[in-house]
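Heads up: the sequence lines are chains A and B, in that order. First residue of the first sequence: 5, per our numbering; consecutive thereafter. First residue of the second sequence: 5, per our numbering; consecutive thereafter. For every residue, glycine included, the Cβ atom is placed at its ideal position computed from N, Cα and C. Report on one structure; see the data block that follows.
Number of protein chains: 2
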Amino acid sequence: MVCAMQNYDITQFKNPLFTVDSVLFTVVENTLKVLMVKRANDPYARRWGLPGGFVDVDKDDDTDMTARRKLAEKTGLSPRYLEQLQIFSGINRDPRGFSVTSAYSALVAHQSVETHIETVEQAKWISLNELSSLPVAFDHKHIIDIAHKRLQQKALYSMVPVYCCPEQFTVGQLKNVIETIIEKSIQRKSLMRRIESSDMFELVDEKVHSGGRSAQLYKTKKDVSMTHFERNLSV
Amino acid sequence: MVCAMQNYDITQFKNPLFTVDSVLFTVVENTLKVLMVKRANDPYARRWGLPGGFVDVDKDDDTDMTARRKLAEKTGLSPRYLEQLQIFSGINRDPRGFSVTSAYSALVAHQSVETHIETVEQAKWISLNELSSLPVAFDHKHIIDIAHKRLQQKALYSMVPVYCCPEQFTVGQLKNVIETIIEKSIQRKSLMRRIESSDMFELVDEKVHSGGRSAQLYKTKKDVSMTHFERNLSV
DNA sequence: GGAATAGTGTCTTTAAGACAATATTTT
DNA sequence: AAAATATTGTCTTAAAGACACTATTCC
Chain A
5 MVCAMQNYDI TQFKNPLFTV DSVLFTVVEN TLKVLMVKRA NDPYARRWGL
55 PGGFVDVDKD DDTDMTARRK LAEKTGLSPR YLEQLQIFSG INRDPRGFSV
105 TSAYSALVAH QSVETHIETV EQAKWISLNE LSSLPVAFDH KHIIDIAHKR
155 LQQKALYSMV PVYCCPEQFT VGQLKNVIET IIEKSIQRKS LMRRIESSDM
205 FELVDEKVHS GGRSAQLYKT KKDVSMTHFE RNLSV
Chain B
5 MVCAMQNYDI TQFKNPLFTV DSVLFTVVEN TLKVLMVKRA NDPYARRWGL
55 PGGFVDVDKD DDTDMTARRK LAEKTGLSPR YLEQLQIFSG INRDPRGFSV
105 TSAYSALVAH QSVETHIETV EQAKWISLNE LSSLPVAFDH KHIIDIAHKR
155 LQQKALYSMV PVYCCPEQFT VGQLKNVIET IIEKSIQRKS LMRRIESSDM
205 FELVDEKVHS GGRSAQLYKT KKDVSMTHFE RNLSV
């Protein structure tokens, strides 16, 4: 089985199947949800799976772009946070043979996407709870589990969860998002100290009210990088 | 350019080139070194590069096994620590086209490998210092840099550097390894507290001397998992 | 005023840093 | 005994936890 091909290379021929998949999280009403899409094709046609697909070497400069392109194609949105998680590989994870997926972890504020997604029949936000009793394609349930654990860790030592908040947010909103992610409550005081010491945020000249005293709005400063704290919040 | 092939799939045809490369570190005489191999083939023939190569779908269950197999083939050794770093991908990193490498980070004690490597003409331990002024294949210098930074982080919140120590080690040896990795000195007291509280190690009924008072030997307990501390050592 | 949520003050706790003091071994 | 390295004791420091107290807004 040999075919004429430019720069033919036997190793390339048996190259594993390579895909990119994203675990896109959002927090809505104290629930952590993941964006799932209904698979159109085999394998696992009509099951829920992570949004992703093959690299298009003509369109994508790198796999980050693949992840973003696939999210945009399937949901019309571009997450503010997107980061490599890890690869998952193996001889048995795809019936077509040895396959590798580069999994990404991404966050969006539900406020910024609600309209988009409702209209897409094939995409749905599913809570981690529902997911546990749902058949899911490939090892995607495992990938989501790993992504969740990693996100929980990051929530303890960084401000990453802020990407589940809208551009302007209150301490209360951020506290809620963090608590939803880590499934524990935290001290508001500790969070405020971190907001202050990270120097990542600035006050917005406006307050917002929701049932009690108005809350100060914050937004992320321009071009700041994510602060990593020296200590975790307590478990 | 179509050829008859079982389960032919257009996407698979343009699959990116996928390789696995390892950054294998060791510490010898207060210097952090990386194992480099002289490339036999183009691209970058005769340059130093990371040990790695293509997945062999007939031999490898997953990419971890690819990484181990390649290290064994090129150096005859099997590191006690091997972990995914991240993937590096892009249209320009390999002249043959869009390529993806899954980089691994690995550690060995130099004591356990000295004999092996000396005999292999094509493999060499190179210090990070030497490396900076050496032409290196692909983006491997960048990969090493990222691996180094990640290892430095891990040294601050985990006991991962023990894998650069022999099976039985003293606090002094571990302290040296850590300090070499992070390029800072640490408090012996803090390290001893961590050895104690991690509960990962047990005393060996033996001491070893080196110029002063004999030092207690420790070894890793059976089947312990790596402890992650809640706090970093100070920077 | 009461309920609800936001924000501050401050004392406690935890684990690391600093470093002096003690212990052991070789020369 | 002096030098060198190992180990312990203990006080300080930094940042999180706990939680009471004050502030603001709506009803």
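Throw me the rounded Cβ distance for the residue i and residue j pair, which I believe falls under 8 Å.
{"i": "Arg-97/B", "j": "Ser-82/B", "result": "Incorrect: roughly 28 Å between the Cβ atoms, too far for contact."}
{"i": "Leu-36/A", "j": "Thr-184/A", "result": "5 Å"}
{"i": "Ile-199/B", "j": "Ile-190/B", "result": "Ile-199/B to Ile-190/B, Cβ: 12 Å. No contact."}
{"i": "Ala-107/B", "j": "Val-27/B", "result": "6 Å"}
Just the Cα atoms here: how many angstroms apart are residue i and residue j?
{"i": "His-213/B", "j": "Val-24/B", "result": "42 Å"}
{"i": "Leu-237/A", "j": "Lys-42/A", "result": "37 Å"}
{"i": "Cys-169/B", "j": "His-232/B", "result": "18 Å"}
{"i": "Leu-207/A", "j": "Ala-110/A", "result": "26 Å"}
{"i": "Trp-129/B", "j": "Ala-141/B", "result": "16 Å"}
{"i": "His-146/B", "j": "Arg-217/A", "result": "51 Å"}
{"i": "Asp-287/B", "j": "Gly-94/B", "result": "An answer regarding residue 287/B cannot be provided, because it is not within the stretch 5 to 239 covered by chain B."}
{"i": "Val-31/A", "j": "Ala-113/A", "result": "7 Å"}
{"i": "Asp-46/B", "j": "Gly-56/B", "result": "14 Å"}
{"i": "Lys-179/A", "j": "Ser-136/A", "result": "26 Å"}
{"i": "Pro-139/A", "j": "Leu-86/A", "result": "26 Å"}
{"i": "Val-104/A", "j": "Lys-193/B", "result": "44 Å"}
{"i": "Asp-227/A", "j": "Ser-201/B", "result": "39 Å"}
{"i": "Gly-80/A", "j": "Glu-33/A", "result": "22 Å"}
{"i": "Lys-225/A", "j": "Glu-210/A", "result": "16 Å"}
{"i": "His-144/A", "j": "Phe-102/A", "result": "16 Å"}
{"i": "Arg-235/A", "j": "Tyr-161/B", "result": "9 Å"}
{"i": "Pro-165/B", "j": "Ser-131/B", "result": "17 Å"}
{"i": "Asp-60/B", "j": "Ile-91/B", "result": "18 Å"}
{"i": "Thr-70/B", "j": "Lys-63/B", "result": "8 Å"}
{"i": "Glu-187/A", "j": "Ala-159/A", "result": "11 Å"}
{"i": "Glu-77/B", "j": "Lys-18/B", "result": "29 Å"}
{"i": "Asn-133/B", "j": "Gln-115/A", "result": "49 Å"}
{"i": "Pro-20/B", "j": "Leu-21/A", "result": "9 Å"}
{"i": "Tyr-48/A", "j": "Lys-74/A", "result": "18 Å"}
{"i": "Met-230/A", "j": "Phe-29/A", "result": "18 Å"}
{"i": "Arg-197/B", "j": "Gly-53/B", "result": "39 Å"}
{"i": "Met-204/B", "j": "Asp-65/B", "result": "30 Å"}
{"i": "Thr-67/B", "j": "Phe-58/B", "result": "9 Å"}
{"i": "Ala-151/B", "j": "Arg-51/B", "result": "20 Å"}
{"i": "Leu-195/A", "j": "Arg-84/B", "result": "39 Å"}
{"i": "Gln-177/A", "j": "Gly-215/A", "result": "14 Å"}
{"i": "Ala-44/B", "j": "Val-38/B", "result": "19 Å"}
Have a look at the DSSP bridge pairing and note the partners of residue i.
{"i": "His-232/B", "result": "Ser-162/B"}
{"i": "Thr-23/B", "result": "Phe-58/B, Thr-105/B"}
{"i": "Met-40/A", "result": "Lys-128/A"}
{"i": "Leu-86/B", "result": "Ala-110/B"}
{"i": "Phe-142/A", "result": "DSSP, once it has assigned bridges, lists no residue as partnering Phe-142/A."}
{"i": "Gly-215/B", "result": "Beta-bridge pairing links Gly-215/B to no other residue."}
{"i": "Ser-93/A", "result": "Val-104/A"}
{"i": "Leu-28/A", "result": "Ala-110/A"}
Could you give the DSSP three-state label for residue i: helix, strand or coil?
{"i": "Thr-184/B", "result": "helix"}
{"i": "Gln-220/B", "result": "strand"}
{"i": "Met-196/B", "result": "helix"}
{"i": "Gly-176/B", "result": "helix"}
{"i": "Ile-147/A", "result": "helix"}
{"i": "Asp-68/B", "result": "helix"}
{"i": "Leu-75/B", "result": "helix"}
{"i": "Glu-210/A", "result": "strand"}
{"i": "Ser-238/A", "result": "coil"}
{"i": "Leu-81/B", "result": "coil"}
{"i": "Ser-202/B", "result": "helix"}
{"i": "Met-5/B", "result": "Only weak support exists for where Met-5/B lies, its pLDDT of 37 falling under 50; the coordinates are left without a value."}
Looking at residue i and the ligand ATP, is the gap between the Cβ and the nearest heavy atom below 6 Å?
{"i": "Gln-115/B", "result": "By its list of ligands, the structure shown contains no ligand whatsoever, and the ligand ATP lies outside what it can speak to."}
Contact between the segment 221–231 of chain A and the segment 161–174 of chain A (3+ Cβ pairs under 8 Å): yes
Touch test, the segment 92–106 of chain B against the segment 155–166 of chain B, Cβ-Cβ under 8 Å, three pairs minimum: no
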